[in-house]
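Novice: What follows is a structure written as structure tokens; I'll ask about it next.
In the working numbering, the protein residues as written are 33 to 599.
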């Protein structure tokens, strides 16, 4: 069958010739739309590509200029994108300082250097029996020898406990450690808080740490810090029961009460404590380096743990503990960022197994407990865990110490898959302390007019022979401290503004320029194609009525120069 090349075949509207002709018209229409866009766009440089009267050299010049502008703009936008992805967060100093009255005092943990009372357990005598009087040692019952092995965990990290060397202990060992430890009356003489005397047993709670039984003030209740449902029930890590009143770990106080707050005075200490140590009830081989106390400062929401950051107070010393704090607040706009990008956790980002309150120290404590359990099959007695039968014994002490060192090395290695990843809390308070010491005079206890007054109802012990004292005064260095704020350095708005500025600088681009592109190459082009299809149907009907069609310039979008893109 002959076909009318260049015309339309009314009997076969969908054959190859019709499709070929339709594609040709559509290409022509697309070219016309492009021509019209370049003539009417607000983008700089494009009109010169199709402007009449320009030579080929001028057109090439403008093509190269536009390409160079695109390359430079793209390169700089890539830098902006990299900055947005890698450093979208900035830490700045807040405009307003924070008064100390709005921040709780830190939890203060006091650890006596004496680990056990000589009157409660003669560790030196037991060690002497093992070393030099083995027959007498072996006449002891198994229970007594196991007790000796357990107390050795507390008294000396490097001394073996004799023939009864256990790999694991249970809660009985913790009970024995509590029995031989110094009690309140053996450690504290007087306690004064905000110029009011208080019983030291009301101010301090017993705490189990690597240094044995210690005493902590101003700490939250144990069931507010620990997830008691996941912790073994046979012994307590913290005996504190006083509940929080109107404090949130993230945002601080509403005006009332616990944890206690410090005074803004530079002259009056917030807390004053007088310690005592009876040197006649002193076991030299179950003791620290010298008679006295170790002082640790931590957040009230953290489980007290002894660390390298400690202050030492010896007997016959008077010391002032000057406190300072730094507060970090985080903008709510950063919640949408990944924790690794903002380098902190909001409370909902990280849930701990053993702790209700997320802090970096609580996280590291839990991570160490889990890692030691996985490595050694046991956990040191002072770390929270789920079973009281998995306490590391003498034979596992070295393994536990090696596990802690190994974990610290893995934390340094950023590529380690099993890192703890204990980022700081997004809203946190960090405390620091400086200890200033001077000599302490025993006679000052007897000479104090306050102690002689009838208003003071706490009776002093009459016999002070063999008892040495120390005094600690706790206060803030300053009535207010600066705080820091973590916020967006580069948000979505900033990114778009930077990109828009670069596009405007190099291309004259704006939001309306984007609308122009969308309009011309979607709505305008579709309307042109639709108009062409309508015209095609009209021409087909006319041909079927006997009218002869010739190939001519069909309707186009551009009325100014319809033959510009014709072949």
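Cβ coordinates follow ideal geometry from the N, Cα and C atoms, glycine included.
For clarity, every value in this text was computed on a predicted model and none was experimentally measured.
Extract the residue ranges of the alpha helix (DSSP H) inside the stretch 119-190, only unbroken runs of 4 or more that lie entirely within it.
Specialist: Within the stretch 119-190, the alpha helix (DSSP H) runs of at least 4 residues that lie entirely inside it are, in chain order, 155-164, 166-170 and 174-187.
Novice: In three-state terms, what does DSSP make of residue 524?
Specialist: Position 492 of the chain shown, counted from the start, is the residue given in the question as residue 524. The DSSP-derived three-state label of residue 524 is helix.
Novice: I need the DSSP call for residue 326, collapsed to helix, strand or coil.
Specialist: Counting from one through the chain shown, the residue named residue 326 turns up at place 294. DSSP places residue 326 in strand when its eight states are reduced to three.
Novice: According to DSSP, what are the bridge partners of residue 464?
Specialist: Counting from one through the chain shown, the residue named residue 464 turns up at place 432. Residue 464 is bridged to 356.
Novice: In the DSSP output, which residue or residues are listed as bridge partners for residue 517?
Specialist: Taking the chain shown and counting its residues from 1, the one referred to as residue 517 is at position 485. Answer is 124 and 361.
Novice: Strictly by DSSP, which residues pair up with residue 349?
Specialist: Taking the first residue of the chain shown as 1, we reach residue 349 at position 317. In the DSSP output, where bridge partners are listed per residue, residue 349 has 471.
Novice: For residue 368 and residue 409, what's the separation of their Cα atoms in angstroms?
Specialist: Reading the chain shown from its first residue, position 336 is the one you call residue 368. Reading the chain shown from its first residue, position 377 is the one you call residue 409. Cα-Cα distance, rounded: 39 Å.
Novice: Which residue from 55, 267 and 94 puts its Cα closest to that of residue 414?
Specialist: Stepping through the chain shown from its first residue, residue 414 is reached at position 382. Selected option, being the one with the closest Cα: 267.
Novice: Return the residue from the list 94, 87 and 558 that minimises the CA-CA distance to residue 75.
Specialist: Residue numbering aside, residue 75 sits at position 43 when the chain shown is read from its first letter. With distances taken between Cα atoms, residue 75 lies closest to 94.
Novice: Evaluate residue 558 with the Cβ neighbour count: other Cβ atoms within 10 Å of its Cβ, from every protein chain shown; 16 or more gives buried, anything less gives exposed.
Specialist: On the chain shown, position 526 is the one that residue 558 refers to. Result: exposed.
Novice: Please state whether the Cβ-Cβ distance between residue 452 and residue 399 is less than 8 Å.
Specialist: The count along the chain shown starts at 1 and reaches residue 452 at position 420. The count along the chain shown starts at 1 and reaches residue 399 at position 367. A contact, by the Cβ cut-off of 8 Å.
Novice: So, at 6 Å on beta carbons, what are the nonlocal neighbours of residue 297 in its own chain, with the 5 sequence-adjacent residues on each side left out?
Specialist: Here residue 297 refers to the residue found at position 265 when the chain shown is read from its first residue. If we look at residue 297 and ignore the five residues flanking it on each side, it has no Cβ neighbours.
Novice: Where residue 419 and residue 336 are concerned, what is the direct C-alpha to C-alpha distance, given to the nearest angstrom?
Specialist: Walking along the chain shown from the start, residue 419 turns up at place 387. Walking along the chain shown from the start, residue 336 turns up at place 304. Computed Cα separation, rounded: 20 Å.
Novice: Tell me whether residue 40 is buried or exposed, calling it buried when 16 or more other Cβ atoms sit within 10 Å of its Cβ.
Specialist: Your numbering for residue 40 matches position 8 in the chain shown. Any answer about residue 40 is weak, because its pLDDT of 45 lies below 50 and its placement is not dependable; what the coordinates show is given next. Answer is buried; the Cβ neighbour count reaches 16.
Novice: Between which two residues does the beta strand (DSSP E) containing residue 248 stretch?
Specialist: Residue 248 sits at position 216 when you count from the first residue of the chain shown. Residue 248 -> beta strand (DSSP E) spans 244-249.
Novice: Going by the C-beta, is residue 142 closer than 7 Å to any heavy atom of the ligand ATP?
Specialist: By its list of ligands, the structure shown contains no ligand whatsoever, and the ligand ATP lies outside what it can speak to.
Novice: What are the start and end residues of each continuous alpha helix (DSSP H) run of 4 or more residues lying completely inside the stretch 252-280, in chain order?
Specialist: Listed in chain order, the complete alpha helix (DSSP H) runs (minimum 4 residues) inside the stretch 252-280 are 254-257.
Novice: Quick one: what does DSSP say residue 554 is sitting in, helix, strand or coil?
Specialist: Mapped onto the chain shown, residue 554 falls at position 522. Note: residue 554 maps to helix in three-state DSSP.
Novice: Taking C-alpha atoms, which residue in 134, 355 and 349 lies nearest to residue 330?
Specialist: The residue labelled residue 330 in the question sits at position 298 within the chain shown. Among 134, 355 and 349, the Cα nearest to that of residue 330 belongs to 355.
Novice: Does the distance from the C-beta atom of residue 303 to that of residue 506 stay below 8 Å?
Specialist: Translated into the one-based positions of the chain shown, residue 303 becomes position 271. Translated into the one-based positions of the chain shown, residue 506 becomes position 474. Cβ distance < 8 Å, so residue 303 and residue 506 count as in contact.
Novice: Is the distance from the Cβ of residue 425 to the Cβ of residue 128 below 8 Å?
Specialist: If you number the chain shown from 1, residue 425 lands on position 393. If you number the chain shown from 1, residue 128 lands on position 96. Cβ atoms of residue 425 and residue 128: not closer than 8 Å.
Novice: Three or more C-beta pairs under 8 Å: does that hold for the stretch 548-563 against the stretch 152-159?
Specialist: no
Novice: Assuming residue 256 contacts residue 241 under a Cβ cut-off of 8 Å, what Cβ separation, rounded to an integer in Å, is found between them?
Specialist: Start at 1 with the first residue of the chain shown, and residue 256 comes out as number 224. Start at 1 with the first residue of the chain shown, and residue 241 comes out as number 209. Not confirmed; about 19 Å, so no contact.
Novice: So is residue 551 buried or exposed if we call it buried at 16+ other beta carbons inside 10 Å?
Specialist: Position 519 of the chain shown, counted from the start, is the residue given in the question as residue 551. With fewer than 16 Cβ atoms within 10 Å of its Cβ, residue 551 is classed as exposed.
Novice: Touching or not, the stretch 310-323 and the stretch 145-153, by the rule of three or more beta carbon pairs under 8 Å?
Specialist: yes
Novice: Classify residue 524: buried if its beta carbon has 16 or more other beta carbons within 10 angstroms, exposed otherwise.
Specialist: Walking along the chain shown from the start, residue 524 turns up at place 492. It is exposed - the Cβ of residue 524 has fewer than 16 other Cβ atoms within 10 Å.
Novice: Does the Cβ of residue 529 have 16 or more other Cβ atoms within 10 Å, making it buried, or fewer, making it exposed?
Specialist: In the chain shown, the residue the question calls residue 529 occupies position 497. That one is exposed.
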